[in-house]
Amino acid sequence: MTGKTVEFKYKSTFAILLVWLLSIAFGIYRLDHLPEPQAKTDLDYFSEGNCFDIIKVLSSDIGMRVVGTPQETKAKEYIIDYINNLKKSSKNEMEVIIQNAHGSHRFDFMGEPVIKVYSNVTNIIVRLTCDTCSKDAILLNSHFDSSIVTPGAADDAAGVAIMLELIRLFSKKEIKNSIVFLFNGAEETLQDATHAFVTQHELAPTIKAVLNLEAMGAKGKEILFQANSKALVDAYKHVPRPHASSLSNDVFGTGLILSDTDFRQFVQYGNLVGLDFAFYQNSYQYHTTMDTIENIQAGSIQHFGDNIYSILEHIVNLDKLDFEFDSNTVYYDLMGYSMVQYDKSVANVVHYVVVVISLLVCLNQSRVLNMNLIDSLKVVLGFIVSIFSSIVTTIIASLFLATINPMSWFSNEYFAVYLWGLSFAVGLTWLSLNTSDFEHYRLERKAFLAGRIGPEAPVDILVPVVTCIALIISQAYLLLPLSFRFRSADRKRIFAVTSLLSLGSVIYFTQVSPYTVQAPKRLFASYMENTTSGERGVHVSFADIGRKQPVLTAISQELGVPPTQRYGRQIDKDWSTLFPFSHFVENYYFNLTDKIPSSSVDVKPTIVSSSTINSDNTRTIKLRVDYPHFIWTVLSFQAKVKSWSLSVPPPDHIHHTIRHVGGDSFSPHWDIEFTIEGTDPLEIEVSGVERDGFRYLESNSSPHGMKWIWSDHFESASVLSRVERVAPKWTSGMYVGVVIVNHIIE
């Protein structure tokens, strides 16, 4: 090549790299860009200011709204009062319905069936219609209850506030189709309230589509992450700032994300189509005491509300609500400007065409450069080896780091990209060191198709590998060919610099704490008292592998007893109140029986039973479980169940876990009848989660969260408050008191 050719080659390479860097910067800007929040107003546009007033009342003034607590009742009353005030100025017919439901269902989660029984759970239903409106309706759903550990500002007071603001707007607009707003009061208990609506309420058959409003984070844009109707995705194109990805739909469907939404109930029991939206950024604070109004990013509610307003305005003015089920679609947004959608069959054709064109280009270039088949295969193999080496290099670095400081990348969403991106670059450029300039000249012209892998691996392997795959798909197609445009000496310098940066980063991250106050390690602590055996103790569990020893040491020194690690089925028994999440925690037990010699439980769950032996070698058992002052109870036993009084058939195994929740702080007992094989005595266990031991979260919220306020009348509160006090500041805890009663039915 001539000097001018070489100069042009280098200038064009740097120009391409500059455009690449600018495009990445612009993409990040667009991802983080949010609209200006609208102040409080009575005018006919969506206002984040109005929503923030509602969120403050629900999350700060009322606080943790666990099903079965007085705070849940206060939230219900506040929402009803707010709706009734809107009703006074409504130009459309507004019907307000309160559903108090009882029922049961099977909830499969994390590969395990959980049998749910619910009593007196609340749905607040608002139906907007008019004289000429179709009876068919679009439904919007959010939940006003919260998890046991959080004030629930984003999850899901934000969804409630958005829906109340939409009622204000659409109650004064002309509409062709009815709108149903469902404020459900039992989502965190495994979606009991939506199950009740879909299976029991008279309005359920009129619903033709669902928009579900959720949160798995507290900042940024909401994402459309589940959709099962092409027509509804088409409708979503009308929003001003789309943010959607069918890839997130696929990832969510794998079960890798240990979470779920009410959307499942609408699809599973109502055969409904819909769109599922959620905040997803800054998920560190999801289901922690830091889910406060201060941590909701300005503009996030405005973005969410504007989009839902636009799609709802489009749908309610359609001549007919006719949406067919169709999950065979690919969709994504173009940096928030517009939506792209096409069938998966079209996507497959495009993929095949790309592969064929790539092969044809390779064959054509082989002829131009007088390359034989062997040389061509060497070129292709070189690309494959380069990709493989980038993954291997990243895995080696991650294994080294994991042995010294597991999850060191955890505290920042970009740490993984920086840390493993450098290791990826080292592996990607390794191939170029011993390859001739002639081969580089060939390779710089070639295109290749990056592969995908999805291995099951520990988190310190899974995250680096996923990072590599994302980089391969999004960047390697450009970076690898560009790397071969440099001279051999330059390539060696690039390799040396990236190697030193990668090594330095790995060494630096050996000293970085995986956790911070704003990105905490989740701690699950339970004070357990078995009133039958007299055993008392504290269970401390972790959902990840990082830095547990400092936590255990601090708690052990405070309680004066060493921890004992528990395994297998024993963990399920220890944490039956959270089954099947118990499968995914590492549990340690501090036995305090000798430290606390007498029981402090004034009220415990009681069991009233009767048993009838049948002629076919079975027995029928009737149980009534009384649970005053408990949020929920869990019944566990081992037997082959032939039938029972619940609306779902019994699972085909012998270990049964039945969780009951009672809403509105009023349901004092629940009943069940079942027939089992054999006539031997049956041992059952009832675990109850105390309602009043933890009392409340303080009303003064901040970005650092809301602190627990402990009761003076419960031993569980006395012990758990000590655990909370000594837990490192970089932890965020869930604290519950559990009372266990064992009962043998002769």
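Counted the way UniProt numbering counts, the sequence shown spans residues 1 to 746. Virtual Cβ for every residue (Gly too), placed ideally from N, Cα, C.
- Boundaries of the beta strand (DSSP E) harbouring Asp108: Glu93 to Phe109, taken from the DSSP string.
- Secondary structure of Asn50 (DSSP, three-state): helix.
- Taking C-beta atoms under 8 angstroms as the contact rule, Arg536 and Met528 qualify, at a distance of about 7 angstroms.
- Sorting Lys76, Ala470 and Glu187 by C-alpha distance to the C-alpha of Tyr118 places Glu187 at the top.
- If you draw a straight line from the Cα of Val330 to the Cα of Glu324, it comes to about 16 angstroms.
- Judged by their CB atoms, Lys622 and Ser636 are not nearer to each other than the 7 angstroms cut-off.
- A Cβ-Cβ distance of about 5 angstroms is found for the pair Thr206 and Ala137, placing them in contact under the 8 angstroms criterion.
- In the same chain as Lys91, and ignoring 5 residues on each side of it, the C-beta atoms closer than 6 angstroms to its own belong to Lys172, in chain order.
- By the CB criterion at 7 angstroms, Pro240 and Met339 fall outside the cutoff.
- Going by beta carbons, Lys219 and Asp326 fall outside the 7 angstroms limit.
- Looking at the backbone, the Cα of His629 and that of Ile607 are separated by about 15 angstroms.
- Ranked by Cα distance from Lys221, the first of Ile301, Tyr236, Phe170 and Ala196 is Ile301.
- Within the segment 272-352, the complete beta strand (DSSP E) segments of 3 residues or longer fall at 274-281, 329-333 and 339-343, listed in chain order.
- Beta bridge pairing from DSSP links Gln268 with no other residue.
- The three-state reading of DSSP puts Arg619 in strand, counting E and B together.
- Cβ contact annotation for Ile98 (same chain, cutoff 8 angstroms, sequence separation greater than five): Ile80, Thr122, Asn123, Ile124 and Ile125, in chain order.
- Here DSSP, grouped into helix, strand and coil, assigns Arg493 to helix.
- Remark: C-beta atoms of Ser358 and Thr393 do not approach each other more closely than 7 angstroms.
- Following the DSSP letters along the chain, one finds Gln638 in no alpha helix (DSSP H) but inside the beta strand (DSSP E) bounded by residues Phe630 to Gln638.
- Shortest Cα-Cα distance from Lys640 to any of Ser647, His653 and Thr633 involves His653.
- With a cutoff of 7 angstroms on beta-carbon distance, Ala543 and Val723 are scored as not near each other.
- For His201, there is no enclosing alpha helix (DSSP H), as DSSP marks it with neither H nor E.
- For Gln549, there is no enclosing beta strand (DSSP E); the residue is part of the alpha helix (DSSP H) that begins and ends at Gln549 to Leu559.
- Distances from the CA of Ile148 to each of Met290, Gln265, Ala235 and Gln200 were compared; the closest alpha carbon is that of Met290.
- Taking a 10 Å sphere around the C-beta of His655, we find fewer than 16 other C-beta atoms and assign the residue as exposed.
- Annotation for Asp136: the continuous beta strand (DSSP E) segment containing it runs Ser134 to His143.
- When DSSP states are grouped into helix, strand and coil, Glu188 belongs to the coil group.
- The segment 184-204 makes contact with the segment 64-72: 3 or more CB pairs, one atom from each, lie closer than 8 angstroms.
- Shown here for Gly504: not one same chain residue has a beta carbon closer than 7 angstroms to its own, the five before and five after excluded.
- Gln565 is classed as exposed because its beta carbon has fewer than 16 other beta carbons within 10 Å across all chains shown.
- Three or more beta-carbon pairs drawn from the segment 292-301 and the segment 40-53 are found closer than 8 angstroms, and the two stretches are therefore classed as touching.
- With 16 or more other Cβ atoms inside 10 Å of its own Cβ, Leu182 counts as buried.
- Spatial neighbours of Leu321 in its own chain (CB-CB distance under 6 angstroms, excluding positions within 5 residues in sequence) are listed in chain order as Asp136, Asn177 and Lys208.
- In this structure, Gly159 lies near Leu213, with their beta-carbon atoms less than 7 angstroms apart.
- The segment 494-504 makes no contact with the segment 563-582, as fewer than three CB pairs between them are under 8 angstroms.
- In summary, Gln557 is exposed, with fewer than 16 beta-carbon neighbours lying within 10 Å of its beta-carbon over all protein chains present.
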